[in-house]
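Sequence lines, in order, name chains A and B.
To get the working numbering, take the position in the first sequence, counting from 1, and add 544.
To get the working numbering, take the position in the second sequence, counting from 1, and add 544.
Don't be surprised by glycine CBs; every beta carbon is placed ideally from N, CA and C.
Keep in mind it's a predicted model, so treat the numbers as computed, not measured.
2 protein chains.
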Amino acid sequence: MKSQYDAFLKLITELHDIGHAQGLLSWDQETNMPAKGAAQRARSLGALAGISHERLTSPRLVELVGELSESSLSGDAAVNVREIKRSQDRALKIPRELVVELSETTSLGHEAWVEAREKSQFDLFAPWLTKILELQKRAAHLIGFEGSIYNAFLDEYEPYATTEEVGPLLKELNHRLVPLVQKILDTGTRPAEGVLDQVYPAEQQEAFGRQVLSDLGFNTEAGRLDVSVHPFCSGLGLGDVRLTTRYNESYLSDSLFGIIHECGHGLYEQGLPADADGTPVARSVSLGIHESQSRMWENMIGRSRGFWEHYLPQLQQRFPKQLSRVDVDEFYAAVNQVSASFIRVEADEITYNLHILLRFELEKALVEDDLAVSDLPEAWNEGMRRSLGIDPPTAAQGVLQDVHWSFGLIGYFPTYTLGNLYAAQFLHQARQEIADLDERVRSGDFASLLSWLRTNIHSSGSRLTATELVKQVTGEPLTSEYLMEYLESKYCGLYGV
Amino acid sequence: MKSQYDAFLKLITELHDIGHAQGLLSWDQETNMPAKGAAQRARSLGALAGISHERLTSPRLVELVGELSESSLSGDAAVNVREIKRSQDRALKIPRELVVELSETTSLGHEAWVEAREKSQFDLFAPWLTKILELQKRAAHLIGFEGSIYNAFLDEYEPYATTEEVGPLLKELNHRLVPLVQKILDTGTRPAEGVLDQVYPAEQQEAFGRQVLSDLGFNTEAGRLDVSVHPFCSGLGLGDVRLTTRYNESYLSDSLFGIIHECGHGLYEQGLPADADGTPVARSVSLGIHESQSRMWENMIGRSRGFWEHYLPQLQQRFPKQLSRVDVDEFYAAVNQVSASFIRVEADEITYNLHILLRFELEKALVEDDLAVSDLPEAWNEGMRRSLGIDPPTAAQGVLQDVHWSFGLIGYFPTYTLGNLYAAQFLHQARQEIADLDERVRSGDFASLLSWLRTNIHSSGSRLTATELVKQVTGEPLTSEYLMEYLESKYCGLYGV
């Protein structure tokens, strides 16, 4: 099998190298590309996608994957064959015409969504959503699934996870979060007001953000920070990890925590196993695990009291006028303000999960044919009343707020909350193994946590599935206990409830 | 032939789209890529080059090109088939092993050159240059040529040009320039000193450069300006033209004229025929014509007295301390200082040609086996004494200064001076057709010249060869008269010789 595996490696390395080009074209589109470059960029991305699909499903690679799958490979080789087989099977099962139809429909559907959101008219988007769901369900049936049809979607972003496992966990979380949030909201406290909503010049925000990035261990010899409308992290290679942010000069925390969030993603990408560079083993294991890294750094570290004991004096030096009279307790409370808000991306760490759980419930019902598109807006509003006690005044502030469905991204939302669950469970374990972790954070030493994450999570790449990884690192399956424990302890303390 | 031509178009459009990706990867490498991203970038560029070669020489495209070449196509279709056939023939004639050997040899040869230049030891580079020349000559014989073997090289950068035509023109130019330069140097005047060699903060240089870019007509909705170590222009598409510069804070003119130079390239790229986007017709016709655009704007417009009558007051506002006591005549003289210098890239508009002519003569002699690599350093120094009366004290300031040969680029140098010849002849014609051109430049109106260039040169794309283009636009073949006339009139006036 040695010569077959070498031939396989050669072909999949080329696929990886094409992927690098696709990644750079997409990154540049969001950061540098002049407006009139859009049409050529779209054609070029289309050409690369076509070539990549052709190479992935080439008779030679299909034959090699078939032979290697039947053989008794182990270790990294087995993972690489398994992961390429997954993508290849998906690519082979969906005929080219359906790929084209989906691509065209989501492209037009996305345009319709932009207009619908602008005008806050769900009707303008409804026929497109219906069509997108129909095509996606057709694709799901071609790909195949066990249990709920939703598994075919979830599996694309959180490989090997199932609705049957994830659903009860999320339901349990919802059940416990709603009363906690209610108690907090009942206090009527708004600690961020007057603190974060001042004028904060972008230049100073950037300088502070870059300092934090460097302190947390992000290697700028192997990555960059740029500006884009929607912040993201793009891993173009283990030595080329690119983060973006945007600066809001009238609200401090957007970019500040945005940078820490993307830094968490970036540290994961920089820590993937270099010895497997160019193969699936060196890729992140799932969106949920990726999100666990960004959310752990952003929320559990970046919004901790210890973190600000260390950083507030530095931040005050950058913004003396705005912050000299704010003490650590006030600042800590401000960056952890809980609100019942309509918009997911503006939500705090705790209610964010309720936004996700609503979307999970709704998109699952849509693909399982338990909910009609025409009933979606009311189901949305009803969900908001139930979980947060608020009623979106417009569709733009409700069902039309997220871009995901217009792009056909179904099964993506739950990975955000899975990220929180993984993060809490990992961090609980890290605290067992690094006795003085909180003390270290308080003194600005993040190296021990990063080292622990490198060893236990980053360097695993895709060698273990997310489920296996959680089990191996924490000794037990994923549970909602650690997230609830973390949130209750932190927020009951903060809000005195 | 309609269906064959459509099939052909589809295949060559994909090639163009891959080219866009290659272009972006290269641009990013010079502007944004973090240091540790280099290895992945090289692999990805290699993969795209391989795919592009495979597509260009695919049996289907070879068959289509064969059929279409035999048919009676005309207009753009004929040009597209002719140009793809040119590249395809080249690609088919050079076996893969030779491509790989050339690529590896120039990669290692380039490293050897870097070290040789650093230590100023020609010996370190000599064996590599010998090997590079040997491989390049082997390639030239495979490609085939008429007359001098040098034609096989020249044709790659200046298609359809021949040494037999270009050689005498360049010789004539050399013959007339040497005594002119001697007379100027004998005056001993150094008008730039004390004017350009002051402290000029980069930020202000950039602001002024962007203003000029915009005034000259560069569309920033369809392009950008960035910083790189070596300035260049990259046409990633008609709507995405990227220029770079570098700021020297202790010498004003480097970036100032660098930006105008790249802007000239950029205006050409933005003016290529949009109706032929994605096909060879919409490409620049040759490096010489490309260079005619950059050098016309940089030297003939940007270093003209009228240009500074308009811009000096604005520049003085940006740099009052440095320039308030400098008048237009002084500034005009400063930016046109003639010196006998060792380094080509630092040479003035007039001696620059002597640097090029020496390189042309030497590389031609090398590939025609009239000069041994071991005799090259002395031939170089002898040439410098003959043309500029100076003797390079080290190899680094002489034969080792340019990167070109280390990359195997032979036949590239003459396109710089061809650019000057084309530019002078075009501008002479433009003056016939735009009666008050100099008056317009003096008042900061560049639109009429740009419009003339758009109509006569840019929009032609590759429809005519460079030779045909010059004939069509100016009514006569390329001659050295107009460049000599321009240089004599300008510099005799400036230096009173």
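Checklist entry - For A:Y791, which of A:A751, A:Y812, A:L760, A:A826 has the nearest alpha-carbon? => result A:A751
Checklist entry - Which of the three DSSP states, helix, strand or coil, is assigned to A:T789? => result strand
Checklist entry - When you compare each of B:T706, B:M928, B:Y1039, B:C807 to B:E874 by their alpha carbons, which one comes out closest? => result B:Y1039
Checklist entry - In three-state terms, what does DSSP make of B:V825? => result helix
Checklist entry - Run through DSSP, which three-state label would B:V882 get? => result coil
Checklist entry - Are there 16 or more other CB atoms within 10 angstroms of the CB of A:G688, so buried, or fewer, so exposed? => result exposed
Item to check | Interfacial residues, the segment 598-620 of chain B to chain A, with Cβ spacing under 8 angstroms | outcome: none
Checklist entry - Expressed to the nearest angstrom, what Euclidean distance is found between the alpha-carbon atoms of A:E614 and B:A591? => result 29 angstroms
Item to check | Runs of alpha helix (DSSP H) lying entirely within the segment 886-971 of chain A, each at least 4 residues, in chain order | outcome: 896-911, 920-932
Checklist entry - A:S778 to B:K546, Cα distance in whole Å? => result 43 angstroms
Checklist entry - How about A:P817: is its C-beta nearer than 8 angstroms to some C-beta of chain B? => result no
Checklist entry - On the three-state DSSP scale, how would you describe B:L769? => result strand
Item to check | Integer-rounded CB distance, given that B:E716 should sit under 8 angstroms from B:V1024 | outcome: It should be noted that the sequence gives Ser, not Val, for residue 1024 of chain B. The pair is a contact, with the Cβ atoms about 5 angstroms apart (cut-off 8 angstroms).
Item to check | Reference A:T1011; option with closest CA among A:G1005, A:H1002, A:L1022, A:S1004 | outcome: A:L1022
Next on the checklist: My assumption, with CB atoms under 8 angstroms, is that B:Y960 sits in contact with B:H948. Please give the rounded CB distance.
Outcome noted: Actually they are not in contact, since the Cβ atoms of B:Y960 and B:H948 sit about 11 angstroms apart, beyond 8 angstroms.
Checklist entry - If you drop the 5 nearest sequence neighbours on each side, which residues of the same chain put their C-beta closer than 7 angstroms to that of A:E627? => result P824, S1006
Item to check | Cβ distance (whole Å) where A:L944 is taken to contact A:F776 below 8 angstroms | outcome: Their Cβ separation, rounded to whole angstroms, is 22 angstroms, which puts A:L944 and A:F776 out of contact at 8 angstroms.
Checklist entry - For B:I595 and chain A, any beta-carbon pair shorter than 8 angstroms? => result yes
Checklist entry - From the beta carbon of A:K554, is the nearest beta carbon of chain B less than 8 angstroms away? => result no
Next on the checklist: Please list, in chain order, the residues of the segment 574-588 of chain A that have any C-beta partner in chain B closer than 9 angstroms.
Outcome noted: T575, N576, M577, P578, A579, K580, G581, A582, A583, Q584, R585, R587, S588
Checklist entry - Can you name the start and end residues of the beta strand (DSSP E) that A:S778 belongs to? => result 777-779
Checklist entry - If we cut at 8 angstroms on Cβ distances, does A:T764 have a partner in chain B? => result yes
Item to check | Boundaries (first-last residue) of the alpha helix (DSSP H) holding B:H654 | outcome: 640-663
Checklist entry - Between the Cα of A:N925 and the Cα atoms of A:P817, A:G942, A:L915, A:D871, which residue gives the shortest distance? => result A:G942
Item to check | Nearest candidate by alpha-carbon position, reference B:L698, set B:A877, B:E853, B:S830 | outcome: B:S830
Checklist entry - Given B:D561, which residues of its chain have a CB within under 6 angstroms of its CB, disregarding the five upstream and five downstream residues? => result none
Checklist entry - Which residues, in chain order, does the segment 656-670 of chain B contribute to contact with chain D at a C-beta distance below 9 angstroms? => result Checking the listed chains, one finds no chain D in this structure; the protein chains it contains are A and B.
Next on the checklist: By the DSSP assignment, the alpha helix (DSSP H) with A:H854 in it spans what residues?
Outcome noted: 849-862
Checklist entry - Three or more beta-carbon pairs under 8 angstroms between the segment 978-996 of chain A and the segment 852-869 of chain A, yes or no? => result yes
Item to check | Closer than 8 angstroms to chain A by CB, B:R1042 | outcome: Lying before the first or after the last residue shown, residue 1042 of chain B is absent from chain B, which here runs from 545 to 1041.
Checklist entry - My guess is that A:L686 and A:G952 are in contact by the Cβ rule of under 8 angstroms, so how many angstroms apart are they, rounded? => result Contact flag wrong, Cβ pair sits at about 15 angstroms.
Checklist entry - From the beta carbon of A:E806, is the nearest beta carbon of chain B less than 8 angstroms away? => result no
Checklist entry - Any idea what DSSP makes of B:M577, helix, strand or coil? => result coil
Checklist entry - At least one CB of chain B closer than 8 angstroms to the CB of A:L811: is that the case? => result no
Item to check | Distance, A:L906 Cα to A:W672 Cα | outcome: 17 angstroms
Checklist entry - How is the alpha helix (DSSP H) around B:H597 delimited, first residue to last? => result 582-600
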